[in-house]
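A.B. asks: The structure that follows is given in the form of structure tokens.
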Amino acid sequence: MPSSDFPVVFTIDGSSRHEIIMINPGLSVADLASKIQELASSSPNCEEFMSKYKKKGAAERVTNITVKWAAEGRDPSIFPKQTKLTEGNMEAVLNMIARMPGADVIDVKMQKAASEEDEKKEGGEKK
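Heads up: the sequence shown begins at 986 in the numbering used here, then just goes up one per residue.
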């Protein structure tokens, strides 16, 4: 049975930077990270505050993906508030999100990848 796509909101570092993405339970963590990175780099909803005044540097890369579970309909004394996504739990977690679309949120930690210019600067300082 093929998996069907469903919408989910992701936020970047718990900030107001966000977007809605279509995903399916068959994705790997790397595939999800790649989709998020691609969308985050082009979405006006994911722009950093005052980003139009910053120098363009290296693209941001996903370093961690966590699901923040909605409390509604779940016993908070036994159900976790959040779960880190891994290859081992990815399919199960995404299937749970699909059962309550719009309730749970994916929180993504992103970090700028070191640019060649930054690496040269660091290399020059280590004398």
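Where is the CB? At the ideal position from N, CA and C, for every residue including glycine.
Quantities reported herein were computed from a predicted structural model and do not represent experimental measurements.
Quick one: using the 10 Å Cβ neighbour count with 16 as the cut-off for buried, is residue 1064 buried or exposed?
C.D. replies: Taking the sequence shown and counting its residues from 1, one reaches residue 1064 at position 79. Residue 1064 should be labelled exposed.
A.B. asks: Rounded to the nearest angstrom, what separates residue 1012 and residue 1076 at their Cα positions?
C.D. replies: Position 27 of the sequence shown holds residue 1012. Position 91 of the sequence shown holds residue 1076. Their backbone Cα atoms lie some 7 Å apart in a straight line.
A.B. asks: Do the segment 1020 to 1032 and the segment 1080 to 1090 touch if we need at least three Cβ pairs shorter than 8 Å?
C.D. replies: no
A.B. asks: Given 8 Å as the limit, is there contact between the segment 1091 to 1100 and the segment 990 to 1006, that is, 3 or more CB pairs closer than that?
C.D. replies: yes
A.B. asks: Roughly how many angstroms lie between the CA atoms of residue 1009 and residue 1029, to the nearest whole one?
C.D. replies: Translated into positions along the sequence shown, residue 1009 becomes position 24. Translated into positions along the sequence shown, residue 1029 becomes position 44. Taking the straight line from one Cα to the other gives about 24 Å.
A.B. asks: Does the distance from the CB of residue 995 to the CB of residue 1004 come in under 8 Å?
C.D. replies: As a first step, residue 995 is located in the sequence shown; it is residue number 10 there, counting from the start. As a first step, residue 1004 is located in the sequence shown; it is residue number 19 there, counting from the start. The answer is yes: Cβ separation under 8 Å.
A.B. asks: Span of the alpha helix (DSSP H) holding residue 1081?
C.D. replies: Residue mapping note: residue 1081 aligns to position 96 of the sequence shown, counting from 1. Run containing residue 1081: 1075 to 1084, per the alpha helix (DSSP H) assignment.
A.B. asks: Considering residue 1021, what are the terminal residues of the alpha helix (DSSP H) in which it resides?
C.D. replies: What you label residue 1021 is simply residue 36 of the sequence shown in a count that begins at 1. From DSSP, the alpha helix (DSSP H) with residue 1021 extends over 1014 to 1027.
A.B. asks: For the beta strand (DSSP E) containing residue 1066, list its first residue and its last residue.
C.D. replies: Indexing the sequence shown from 1 puts residue 1066 at position 81. Counting along the chain, residue 1066 falls outside any beta strand (DSSP E), and DSSP gives it neither H nor E.
A.B. asks: Would you grab the beta carbon distance between residue 1115 and residue 1070 for me? Rounded to a whole angstrom, and I think it's under 8 Å.
C.D. replies: Because the chain in this structure spans residues 986 to 1112, residue 1115 falls outside the shown range and cannot be described.
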